[in-house]
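Asks: If you read the sequence shown in UniProt numbering, its first letter stands for residue 58, the second for the next number, and so on.
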Amino acid sequence: SRGTQNVIKKGGVGDDDEEEEEASNLVEPLWPDDLQHVPYPHIKLAPEESLRRSNEFYELMNKRRSVRFFSSDPVPREVIDNLIRTAGTAPSGAHTEPWTFVAVGDQEIKKEIRAIVEAEEEINYSKRMGSQWVNDLKGLRTTWVKEYLTEAAWIILVFKQTYGILPDGRKRNHYYHEISTALAGGILLSAIQNAGLVTLTSTPLNCGPQLRTLLNRSSNEKMMLLLPVGYPRHDATVPDLKRKPLDEIMAVV
Ligand code: IYR
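The structure is reproduced here in structure tokens:
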């Protein structure tokens, strides 16, 4: 029978198209009743300084592009650690931190990932997706061949944990796991850009279960993003796309 805690369904807002397993047993609260609250340290910036910084950060982020041509120049493990630490600062439902980041630097595993992704993408491009999809993507010049998966120094795979598993095997609800992990993904993209590296935000279709098995993840973990991370090839190109101007993405009330 379903416990009262399941009144809140699935991962939260925006998840209504997902069929996902839920924790159904009552488990201990996340925190002791007397969890301490401590002062929030804050240093107030002058408005001009806020303006300067907001502009500088926009300029940095506006240079971010999805790059599909990577060099094999190495990226130190410590950098990858910091990127993932930063992603892990994202807010999450009830601070459940419902994510796992798998950083793959091993060339053989990268080859296996590439084989899985290319086999599925070949089917996607040739039969699974319709002609509208293929036509919409033409300008990006993507194909099912994914050289970047073996060229980039690292591949980071972002998994959401649809529930937590306690040491005794019982399941704990992970509230809003979808949006929480998506937010962590956005922070990860920002951290990659800030570190002077490039990535490609990919969501390989139909590869999740195979990649989960390859990487020994458990069944509560669902792949959300696959990011090659590294340096661009010296002759890398990107499609000449423009971003919507502010007045098309913003309404002020
Ligand atoms: N996933 C495929 C196709 C693809 C789909 C979209 I939507 C894009 O913005 C880019 C590519 C691939 O990676 O080739």
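The beta carbon of each residue, even a glycine, is placed where N, CA and C say it ideally should be. Keep in mind the model is a prediction, meaning the values are calculated, not measured.
Excluding the five sequence neighbours on either side, which residues of its own chain have a C-beta within less than 7 Å of the C-beta of Ala-151, listed in chain order?
Replies: By one-based count along the sequence shown, residue 151 stands at place 94. So the list reads Leu-87, Tyr-232, once near-sequence residues are dropped.
Asks: Consult DSSP for Lys-101 and reduce its assignment to one of helix, strand or coil.
Replies: As a working note, residue 101 is residue 44 in the sequence shown. Lys-101: coil per DSSP, three-state reduction.
Asks: For Thr-153, which residues from the same chain have a beta carbon less than 7 Å from its beta carbon, with the 5 sequence-adjacent residues on both sides left out?
Replies: For the purposes of this step, residue 153 is taken as the residue at position 96 of the sequence shown. Gly-221, His-231, Tyr-232.
Asks: Would you report the Cα separation of Ile-212 and Glu-177, rounded to the nearest angstrom?
Replies: In the sequence shown, residue 212 corresponds to position 155, counting from 1. In the sequence shown, residue 177 corresponds to position 120, counting from 1. Rounded to the nearest angstrom, the two C-alpha atoms are 18 Å apart.
Asks: Between Thr-256 and ligand 1, is the CB less than 8 Å from at least one heavy atom?
Replies: Taking the sequence shown and counting its residues from 1, the one referred to as residue 256 is at position 199. Checking every heavy atom of ligand 1 against the Cβ of Thr-256, none is found closer than 8 Å.
Asks: Between Ile-173, Ala-103, Ser-128, which has its C-alpha nearest Ala-209's C-alpha?
Replies: As a position in the sequence shown, residue 209 is number 152, starting the count at 1. Ranking Ile-173, Ala-103, Ser-128 by Cα distance to Ala-209 puts Ser-128 first.
Asks: Give the straight-line distance between the Cα atoms of Pro-89 and Gln-267, rounded to the nearest whole angstrom.
Replies: Within the sequence shown, the letter at position 32 stands for residue 89. Within the sequence shown, the letter at position 210 stands for residue 267. Taking the straight line joining both Cα atoms gives about 39 Å.
Asks: On the criterion of 16 or more Cβ atoms from any shown chain inside 10 Å, does Lys-167 qualify as buried, or is it exposed?
Replies: Counting from 1 along the sequence shown, the entry for residue 167 is found at position 110. Under this definition Lys-167 is a buried residue.
Asks: Look up Asp-292 in the DSSP assignment and say whether it is helix, strand or coil.
Replies: In the sequence shown, the residue the question calls residue 292 occupies position 235. Residue state, collapsed to three classes: coil.
Asks: Should Val-161 and Leu-102 be called a contact, given that it needs their Cβ atoms to be closer than 9 Å?
Replies: By one-based count along the sequence shown, residue 161 stands at place 104. By one-based count along the sequence shown, residue 102 stands at place 45. Cβ distance not < 9 Å, so Val-161 and Leu-102 don't count as in contact.
Asks: Return the residue from the list Thr-143, Asn-139, Ala-248 that minimises the CA-CA distance to Met-118.
Replies: Mapped onto the sequence shown, residue 118 falls at position 61. For Met-118, the nearest C-alpha among the options comes from Ala-248.
Asks: Going along the chain, which residues of its own chain have a beta-carbon closer than 7 Å to the beta-carbon of Thr-157, five neighbours each way excluded?
Replies: Here residue 157 refers to the residue found at position 100 of the sequence shown. Counting only Cβ-Cβ distances below 7 Å, and skipping sequence neighbours, we find Phe-216, Gln-218, Arg-274, Glu-278.
Asks: I'd like the list of long-range same chain contacts for Leu-284, defined as Cβ closer than 6 Å, with 5 residues on each side in sequence excluded.
Replies: For this step, residue 284 is matched to residue 227 along the sequence shown. So the qualifying residues of the chain are Ile-213, Thr-256.
Asks: Decide yes or no for the touch test of the segment 283-302 against the segment 191-208: beta carbon pairs closer than 8 Å, at least 3 of them.
Replies: The segment 283-302, when compared against the segment 191-208, does touch it at the 8 Å Cβ threshold.
Asks: State buried or exposed for Ile-170, treating a residue as buried only when at least 16 other CB atoms are found within 10 Å of its CB.
Replies: What you label residue 170 is simply residue 113 of the sequence shown in a count that begins at 1. Counting Cβ neighbours within 10 Å, Ile-170 comes out buried, since at least 16 surround it.
Asks: Put Ala-160 into one of helix, strand or coil per three-state DSSP.
Replies: On the sequence shown, residue 160 is found 103 positions in, with the first residue counted as 1. In this structure, Ala-160 counts as strand in the three-state DSSP scheme.
Asks: Alpha carbon to alpha carbon, what distance is there between Val-309 and Pro-289?
Replies: The residue labelled residue 289 in the question sits at position 232 within the sequence shown. The residue labelled residue 309 in the question sits at position 252 within the sequence shown. Cα to Cα, the separation comes out at about 38 Å.
Asks: At a cut-off of 8 Å, would you count Pro-285 as near ligand 1, judging by its Cβ distance to the nearest heavy atom?
Replies: For the purposes of this step, residue 285 is taken as the residue at position 228 of the sequence shown. No - ligand 1 has no heavy atom lying nearer than 8 Å to the Cβ of Pro-285.
Asks: On the CB-based measure, 16 or more other CB atoms within 10 Å of its CB, does Pro-224 come out buried or exposed?
Replies: Residue numbering aside, residue 224 sits at position 167 when the sequence shown is read from its first letter. So Pro-224 counts as exposed.
Asks: Considering only DSSP beta bridges, list what Val-215 is partnered with.
Replies: Against the sequence shown, residue 215 aligns to sequence position 158. Phe-158, Leu-282, per the DSSP bridge assignment.
Asks: Would the beta-carbon of Glu-178 be found less than 8 Å away from any heavy atom of ligand 1?
Replies: Here residue 178 refers to the residue found at position 121 of the sequence shown. Glu-178 Cβ: within cutoff of ligand 1.
Asks: Return no unless some Cβ of chain D is closer than 9 Å to the Cβ of Lys-301.
Replies: Absence of chain D from the displayed structure is noted, only one protein chain being present.
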